[in-house]
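Asker: Order-wise, the sequence lines are chains A and B.
When we follow the working numbering, the leftmost residue of the first sequence carries the number 14, and every step to the right adds one.
When we follow the working numbering, the leftmost residue of the second sequence carries the number 31, and every step to the right adds one.
Backbone N, C-alpha and C fix where the C-beta goes; we use that ideal spot for every residue, glycine too.
Sharing a structure with you now.
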Amino acid sequence: MRLIRSMFAVVLFAAVAFAAPPLFNGSTESKWSVVSGGKPAGTITLLTSANAARAEWKNTPKSPAAVYLGANGKIWLRVTGGDVELATISATTPENMSVVALLLPFDATDRQLTLTAGKVATYSYRGGKATYRYDAKGPSSIDVTFGGHAYTLTRTSLGSSNADASNFAVRPKKGAASRLAVLSGSLLGPSDASVSAGAAGRGAGEKGLKLKDGGDYDAVLKLENRDANWRAKLDDALVLFQQEGKVGKERENQ
Amino acid sequence: MRMLINVTLAIALLAAPAQAQFGNILDKINANKDKIVKGAKVAKEANREFTEDEEANIGRVVAARVLATYPLLKDDDLQTYVTLVGNTVAAYSSRPTLEWHFAVIDTPIVNAFSTPGGFVFVTSGTLKDVHSEAELAALLGHEIAHVTQKHILREIKRGNVISAGADLAQSATNGSALTDEFGRKVGQIAYDKLFNTGLGRADENEADRIGVQLADAAGYRAAAFVDFLETLHRLEGSSELKQLTKTHPSPSDRIATVKPLVKSDRGVLLAERYEKWMN
């Protein structure tokens, strides 16, 4: 009985505590197609180095890439103005869940894995699960399931890579509200004269309006200029904010 | 027969001065035709819908008055947070493409204000009495509703500050009616409505109703607004709540209005995220 308990403890230890071994050793570049229900969902380009990895997700060949970095024991998502920890974003989007299956050595959230012959067989994370199949070169396909969704990642190419270290450099955002520091344009600084009067778009009226009626029009202008400066960044910030909180338009897209 | 003759005679006697009197009225109308036409134009002008450009300028005048009363809070993180929540909710309003501006103003009083054109202000005192992002979302939804339903704009219109042919879309230097005097009048109407007398009960009820609908549509737990109103109920009588009490229906009345509209278990509360941003 004691032996069985010990064996169980060893198995449990292996399932929970082992750090995931890398899927590829050294500097490699692999490309992956992602399919769900027989339809293409996206592609991933995975770059690996000795101690870091970079994955780029594209919905379609022409769409912009979402860049994920694996480094320092964490997975990072690149957003405007810096990198944010993926662990701080609760959204289980296809790209988030698929990319984590490839960057698993760097995922530090609630991970549980099983190994077969020293290779990762299954990997559970964020309420999802990845199941790996291998060929002589390494992992050849991965089934990813989460929340009733099923995606299959299939490796379409694998070669060596000459990507330099800058591809893997993480630039974390700083501060308490770091994930949205992109919007930290100050209300307290001087008004930005470079923002044109027409920048406000439709229904703009006369930006910079000043009457001598006791109102604080300088404060109004600062507020309008802040929002004009934010306009381009606000959409990015709202995506993160709404994904994290599962609210707004991004909630509908999840 | 005699009676018929008498009646006919009486009508004849009365008709002569009536005809003279009617003729006098016509004369007077003719003599004052220009004034009457001008008056009708003024009345028509006063009732016309403002263009979006005009609304934006009126909004600036009112916002300038609010910001002359309470300055912007010097906390960029909080300003960012309120902007993100506000834009998340405003996207579900009937005017999602309006140039919305959300900001926190620095005062311990508990209140929030909105102006035509999409300026929405919440006081730092209010944020201390809010306990979740869902409460904040519904509160901002209430202010967004005042804008979309043009409640303050209608009060300004009622103030007859717009003269015939007035163009509020450009500055006074371009010959517009957007003058300092206009600003003073509009500012005073808005100041009275926002800080002293408040809008009508129907407007406030409508804003409460739409506010929770918007929060719900955005995925927030709209029922949290009832929690906020209960907090206000507990604060009744405090100096921080004096202005809000003056300008809004009582919290208990508002609870009675809102409670039947919301489902207690629907949507996210995000109390922890709210606390993180507040600290």
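Note down the Cα distance separating glycine 195(B) from alanine 245(B), rounded to an integer number of angstroms.
Answerer: Numbered from its first residue, the second sequence carries residue 195(B) at position 165. Numbered from its first residue, the second sequence carries residue 245(B) at position 215. Low per-residue confidence applies at glycine 195(B): pLDDT is 48, beneath 50, and the placement is therefore not dependable enough to give any value.
Asker: Can you check whether the CB of glycine 171(B) is closer than 7 Å to the CB of glycine 249(B)?
Answerer: Within the second sequence, the letter at position 219 stands for residue 249(B). Within the second sequence, the letter at position 141 stands for residue 171(B). Cβ atoms of glycine 249(B) and glycine 171(B): not closer than 7 Å.
Asker: Excluding the five sequence neighbours on either side, which residues of its own chain have a C-beta within less than 8 Å of the C-beta of asparagine 175(A), listed in chain order?
Answerer: Here the question's residue 175(A) lines up with position 162 in the first sequence. Ser40.
Asker: Does the distance from the C-beta atom of leucine 115(A) to that of leucine 59(A) stay below 7 Å?
Answerer: Working through the first sequence from its first residue, we reach residue 115(A) at position 102. Working through the first sequence from its first residue, we reach residue 59(A) at position 46. Contact flag set, yes.
Asker: Taking a contact to mean a Cβ-Cβ separation below 7 Å, would you say valine 47(A) touches tyrosine 164(A) in this structure?
Answerer: Translated into the one-based positions of the first sequence, residue 47(A) becomes position 34. Translated into the one-based positions of the first sequence, residue 164(A) becomes position 151. Yes. Within cutoff.
Asker: If you measure between the beta carbons of lysine 306(B) and valine 256(B), is that distance less than 7 Å?
Answerer: As a first step, residue 306(B) must be located in the second sequence, where it is residue number 276. As a first step, residue 256(B) must be located in the second sequence, where it is residue number 226. Taking 7 Å as the cut-off, the Cβ atoms of lysine 306(B) and valine 256(B) do not count as close.
Asker: Classify histidine 172(B) as helix, strand or coil using the three-state DSSP reduction.
Answerer: For this step, residue 172(B) is matched to residue 142 along the second sequence. In this structure, histidine 172(B) counts as helix in the three-state DSSP scheme.
Asker: Would you mind reading off the limits of the beta strand (DSSP E) that contains valine 150(B)?
Answerer: Translated into the one-based positions of the second sequence, residue 150(B) becomes position 120. That run of the beta strand (DSSP E) goes 149–153.
Asker: Flag asparagine 87(B) as yes if its beta-carbon sits less than 7 Å from any beta-carbon of chain A, otherwise no.
Answerer: Counting from 1 along the second sequence, the entry for residue 87(B) is found at position 57. So, interface residue.
Asker: Less than 7 Å separating the beta-carbons of arginine 168(A) and serine 43(A)?
Answerer: As a first step, residue 168(A) is located in the first sequence; it is residue number 155 there, counting from the start. As a first step, residue 43(A) is located in the first sequence; it is residue number 30 there, counting from the start. For arginine 168(A) and serine 43(A), yes; Cβs fall inside 7 Å.
Asker: If I measure Cβ to Cβ from leucine 201(A) and keep anything under 7 Å in the same chain, skipping five residues before and after, which residues do I get?
Answerer: Taking the first residue of the first sequence as position 1, residue 201(A) is located at position 188. Because the pLDDT at leucine 201(A) is just 39, under 50, the model does not fix this residue reliably, and the value given afterwards should be weighed accordingly. Nothing meets the Cβ criterion.
Asker: Any beta carbon of chain A sitting closer than 7 Å to that of leucine 102(B)?
Answerer: Here residue 102(B) corresponds to residue number 72 of the second sequence, with the count starting at 1. Yes, leucine 102(B) counts as interfacial toward chain A.
Asker: Compare the C-beta of glycine 155(B) with all C-beta atoms of chain A and state if any pair is closer than 7 Å.
Answerer: Position 125 of the second sequence, counting from 1, holds the residue named residue 155(B). For glycine 155(B), the answer is no, since every Cβ of chain A falls outside 7 Å of its Cβ.
Asker: I need the straight-line Cα distance from leucine 16(A) to alanine 143(A), nearest angstrom please.
Answerer: Position 3 of the first sequence, counted from the first residue, corresponds to residue 16(A). Position 130 of the first sequence, counted from the first residue, corresponds to residue 143(A). For leucine 16(A), the predicted structure reports a pLDDT of 42, less than 50, and the residue's modelled location is therefore unreliable. A value from the coordinates is still provided. Those two C-alpha atoms are separated by around 31 Å.
Asker: Would you call the CB atoms of valine 177(B) and glycine 148(B) closer than 7 Å?
Answerer: Within the second sequence, residue 177(B) is the residue found at index 147, counting from 1. Within the second sequence, residue 148(B) is the residue found at index 118, counting from 1. Taking 7 Å as the Cβ cut-off, valine 177(B) and glycine 148(B) qualify as a contacting pair.
Asker: Decide yes or no for the touch test of the segment 214–223 of chain B against the segment 121–139 of chain B: beta carbon pairs closer than 8 Å, at least 3 of them.
Answerer: no
Asker: Below 7 Å on C-beta distance, what does glutamine 255(A) contact in chain B?
Answerer: Residue 255(A) sits at position 242 when you count from the first residue of the first sequence. Going along chain B in sequence order, the residues near glutamine 255(A) (Cβ under 7 Å) are Thr118.
Asker: Alpha helix (DSSP H) containing glutamine 243(B): first to last residue?
Answerer: Within the second sequence, residue 243(B) is the residue found at index 213, counting from 1. 231–247 is the extent of the alpha helix (DSSP H) around glutamine 243(B).
Asker: Give the interface partners of aspartate 210(B) over in chain A, defined as CB-CB distance under 9 Å, in chain order.
Answerer: Within the second sequence, residue 210(B) is the residue found at index 180, counting from 1. Chain A residues near aspartate 210(B): Leu224, Lys225 and Asp226.
Asker: In whole angstroms, what separates the C-alpha of leucine 236(A) from that of threonine 99(B)?
Answerer: Translated into the one-based positions of the first sequence, residue 236(A) becomes position 223. Translated into the one-based positions of the second sequence, residue 99(B) becomes position 69. Leucine 236(A) and threonine 99(B): Cα-Cα distance of roughly 16 Å.
Asker: Going by the beta-carbon positions, is the gap between valine 242(B) and alanine 252(B) smaller than 7 Å?
Answerer: Locating residue 242(B) in the second sequence gives position 212, counting from the first residue. Locating residue 252(B) in the second sequence gives position 222, counting from the first residue. In contact: valine 242(B) and alanine 252(B) (Cβ atoms closer than 7 Å).
Asker: So, does the segment 102–120 of chain B touch the segment 81–89 of chain B, judging by three or more C-beta pairs under 8 Å?
Answerer: The way I'd put it, the segment 102–120 of chain B doesn't touch the segment 81–89 of chain B; fewer than three beta-carbon pairs between them come closer than 8 Å.
Asker: Using a beta-carbon distance cut-off of less than 8 Å, what residues from the segment 171–185 of chain A approach chain B?
Answerer: none
Asker: Mind checking glutamate 266(B): buried by the 16 CB within 10 Å criterion, or exposed?
Answerer: Taking the second sequence and counting its residues from 1, one reaches residue 266(B) at position 236. With fewer than 16 Cβ atoms within 10 Å of its Cβ, glutamate 266(B) is classed as exposed.
Asker: Which chain B residues sit within Cβ distance under 7 Å of alanine 250(A)?
Answerer: Numbered from its first residue, the first sequence carries residue 250(A) at position 237. Under the 7 Å cutoff, chain B gives Leu114.
Asker: Hey, quick one: how far does the alpha helix (DSSP H) through threonine 113(B) stretch, first residue to last?
Answerer: Numbered from its first residue, the second sequence carries residue 113(B) at position 83. It spans 106–120 - the alpha helix (DSSP H) in which threonine 113(B) sits, taken as one unbroken run.
Asker: Leaving out the 5 sequence neighbours to the left and right, which residues in its chain are closer than 6 Å to proline 279(B) when beta-carbon positions are compared?
Answerer: In the second sequence, the residue the question calls residue 279(B) occupies position 249. Cβ within range, chain order: Arg231 and Glu234.
Asker: Use the C-beta contact count for glutamine 109(B): other C-beta atoms within 10 angstroms, 16 or more gives buried, fewer gives exposed.
Answerer: Looking up residue 109(B) in the second sequence gives position 79. Looking at its Cβ environment, which holds 16 or more other Cβ atoms inside 10 Å, glutamine 109(B) is buried.
Asker: Chain A partners of valine 21(B), CB-CB under 8 Å?
Answerer: No answer is possible for residue 21(B): the residues shown for chain B start at 31 and end at 309.
Asker: Does any CB atom of chain B fall closer than 7 Å to the CB of leucine 90(A)?
Answerer: Looking up residue 90(A) in the first sequence gives position 77. Output row for leucine 90(A): interface = no.
Asker: Assuming serine 174(A) is part of the alpha helix (DSSP H), what are its boundary residues?
Answerer: Residue numbering aside, residue 174(A) sits at position 161 when the first sequence is read from its first letter. Looking at the DSSP string, serine 174(A) is not in any alpha helix (DSSP H), and its letter there is neither H nor E.
Asker: Alpha carbon to alpha carbon, how far is glutamate 260(B) from proline 77(A)?
Answerer: For this step, residue 260(B) is matched to residue 230 along the second sequence. For this step, residue 77(A) is matched to residue 64 along the first sequence. Approximately 47 Å, taken between the alpha carbons.
Asker: For chain B, check one thing: does any of its Cβ atoms lie closer than 7 Å to the Cβ of valine 97(A)?
Answerer: On the first sequence, position 84 is the one that residue 97(A) refers to. By this cut-off, valine 97(A) is not an interface position.
Asker: Measuring alpha carbon to alpha carbon, tell me which of Gly83(A), Ser49(A) and Thr73(A) ends up nearest serine 179(A).
Answerer: Mapped onto the first sequence, residue 179(A) falls at position 166. Serine 179(A) has its Cα closest to that of Gly83(A), out of Gly83(A), Ser49(A) and Thr73(A).
Asker: Report, in whole angstroms, the separation of the C-beta atoms of glycine 55(A) and lysine 71(A), which I expect to be a contact under 8 Å.
Answerer: Position 42 of the first sequence holds residue 55(A). Position 58 of the first sequence holds residue 71(A). About 6 Å; that satisfies the 8 Å criterion.
Asker: How should lysine 87(A) be labelled, buried or exposed, when 16 other C-beta atoms within 10 angstroms of its C-beta is the threshold for buried?
Answerer: On the first sequence, residue 87(A) is found 74 positions in, with the first residue counted as 1. It counts as buried.
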